[in-house]
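Input: a single structure, listed below in structure tokens.
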Amino acid sequence: MHVDRIMTEASDRSLILRADVHFETHWVWGDEPFRLWYRYPPEFSPWLSAGNGDPFVAALLGVAMRLGEDLHIDADVSPRLHRHAATTIQDIWTRWHADFQRVRLHCGVGAPRMPEREHRRGLFFSLGVDSAYCLAKNRHGGPVVEDRIDDLIMIEGFDVYLWESERFPPMVAAAERVAAATGARVVPVTTNLREVTDRVVDWVTMHFAAGLASTVLGIGGAYDAVHLAASFTYDNLFPGGSHPLLDPLWGTEGVTIVHDGCEAGRMDKIRVLADPEYQVLLDNLRVCNTGELTDAYNCGHCEKCVRTMIALRAVGALDRCASLPSTIDVERLAGFPLRPEYHITAYQELLDALGDDELDRRLRGVLEDRLRLCAEAGTAIGLQVAAPEPASPVVRRPGR
1 MHVDRIMTEA SDRSLILRAD VHFETHWVWG DEPFRLWYRY PPEFSPWLSA
51 GNGDPFVAAL LGVAMRLGED LHIDADVSPR LHRHAATTIQ DIWTRWHADF
101 QRVRLHCGVG APRMPEREHR RGLFFSLGVD SAYCLAKNRH GGPVVEDRID
151 DLIMIEGFDV YLWESERFPP MVAAAERVAA ATGARVVPVT TNLREVTDRV
201 VDWVTMHFAA GLASTVLGIG GAYDAVHLAA SFTYDNLFPG GSHPLLDPLW
251 GTEGVTIVHD GCEAGRMDKI RVLADPEYQV LLDNLRVCNT GELTDAYNCG
301 HCEKCVRTMI ALRAVGALDR CASLPSTIDV ERLAGFPLRP EYHITAYQEL
351 LDALGDDELD RRLRGVLEDR LRLCAEAGTA IGLQVAAPEP ASPVVRRPGR
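Note that my numbering has the sequence shown beginning at 1, numbered continuously upward.
Now the structure itself:
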């Protein structure tokens with residue numbers, strides 16, 4: 001794999017970083033190179049450089065390893081990132097993914113880039129529970145200046161695909177409302193990275209933290225640190241697209257990637273967001289990734305929407321969440337596909353939080369049935385799980 005013709009383009013409205021990616025494995029993109037690009041707001045002009053190879057390491061190393069192709073980049077890479085990409089990241093990925101091969105990284109290794117600029121932090125912000133919790137936690141008690149999250153970075157082209165363009169403007173508008181209430185700035189970024197990576201690697205289980213990191217590495221000098229919200233707690237970690245062991249390794253001498261939030265489970269985060277102090281986060285909560293309706297903010301009937309609605313009901317906040325319906329279809333919950341690695345802990349947390357009125361009892365019955373099915377399915381795929389009891393926590397660890 002060869003990344004060349006790295007260029008920047010500027011206009012009054014945006015900045016573009018682009019490069020051609022040539023694959024030895026022709027089924028990925030045929031004989032022509034793939035034109036990879038990132039679009040940033042114009043104020044990031046001081047930090048954009050065609051000589052910066054860092055974003056392409058994060059964007060393409062996993063793809064190269066899955067294909068078994070050495071990665072050539074016609075630009076300099078941070079010494080820290082180069083060292084981690086050549087060794088530790090590959091050590092981790094080859095243990096996690098049997099079909100990843102070790103590859104060589106061919107590029108220049110530049111002097112560490114340590115720009116002189118004011119302290120500034122970003123947060124990858126999707127308006128979901130995890131990133132909303134990180135922002136609420138950051139604002140609680142007023143962090144010292146250098147720890148304060150300044151920018152809410154929103155990516156068009158990741159969980160919202162480029163062909164779902166109708167969904168992104170409402171998200172930006174919602175983020176602007178959050179930013180106005182919390183003293184932050186919204187930074188929209190667009191990229192076509194997933195158009196090619198999805199042909200080779202799974203986004204959720206392998207690649208999404210690396211993809212996120214690539215967007216800020218393109219303007220790495222703009223930030224001291226960027227926070228990436230955790231989805232799982234320290235006692236419930238397993239190989240995936242984001243992990244506290246792996247995510248910080250995408251940083252450079254100038255920008256740190258912070259895997260943030262492993263101390264709190266999803267119900268813990270929901271309880272924080274239910275505090276009236278964070279009503280703006282609750283009003284603009286977005287948890288839905290369904291592609292059924294391209295203009296939907298939250299569809300209100302997918303598994304993730306329904307699960308979040310149950311959690312909000314359990315803490316008495318569903319009626320205050322303007323972005324989700326206030327009624328729950330119990331029967332619909334029973335029909336969703338199961339993903340034991342994600343749902344075992346999620347469903348047990350909901351069971352522990354539910355009350356004892358009629359609707360709660362109906363929800364409890366469905367959740368207990370699904371938890372038993374998860375335990376059976378998890379055992380079949382190698383997860384070490386306990387058969388659930390209604391009031392007993394389920395402990396699960398990934399098997400090898």
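Just so you know, even glycine gets a beta-carbon here, dropped at the ideal spot from N, CA and C.
Use the C-beta contact count for residue 65: other C-beta atoms within 10 angstroms, 16 or more gives buried, fewer gives exposed. buried
So, residue 195 versus residue 186, is the Cβ gap smaller than 8 Å? no
Within the segment 49-137, note down every full beta strand (DSSP E) run reaching 3 residues or more, in order along the chain. 71-77, 105-109, 121-124
Using the three-state DSSP reduction, which class does residue 243 fall into: helix, strand or coil? coil
Closest Cα partner of residue 80 within the set 141, 217, 27, 234: 217
Once you ignore the five residues that flank residue 297 on each side, which residues in its own chain have a CB closer than 8 Å to its CB? 167, 170, 171, 174, 286, 288, 323
What's the C-alpha gap between residue 357 and residue 215? 47 Å
Whose CA, out of 124, 96, 90, 83, lies closest to the CA of residue 108? 83
So within the segment 6-34, which uninterrupted beta strand (DSSP E) runs reach at least 3 residues, ignoring any that extend past its ends? 15-22
Quick check on this structure: which residue in 226, 158, 259 has the alpha carbon closest to the alpha carbon of residue 237? 259
Leaving out five residues before and five after residue 280 in sequence, what residues of the same chain have Cβ atoms less than 8 Å from its Cβ? 177, 178, 181, 182
Can you tell me which of 328, 219, 318, 253 puts its alpha carbon nearest to the alpha carbon of residue 49? 219
Helix, strand or coil at residue 267 according to DSSP, with G and I counted as helix: helix
Tell me, please, which residues DSSP counts as bridged to residue 225. 121, 256
Buried or exposed by the 16-neighbour rule on C-beta atoms within 10 Å, applied to residue 9: exposed
Sorted by chain position, which residues of the same chain lie with C-beta nearer than 7 Å to residue 100's C-beta, five sequence neighbours on each side aside? 65, 66, 93, 94
Determine whether the beta carbon atoms of residue 74 and residue 31 lie at a separation below 8 Å. no
Alpha helix (DSSP H) containing residue 283: first to last residue? 279-283
According to the neighbour-count rule (16 or more other Cβ atoms, all chains shown, within 10 Å of its Cβ), is residue 242 buried or exposed? buried
Where residue 2 falls: helix, strand or coil (DSSP): strand
Whole runs of the alpha helix (DSSP H) within the segment 152-208, excluding any shorter than 4 residues: 168-182, 194-197
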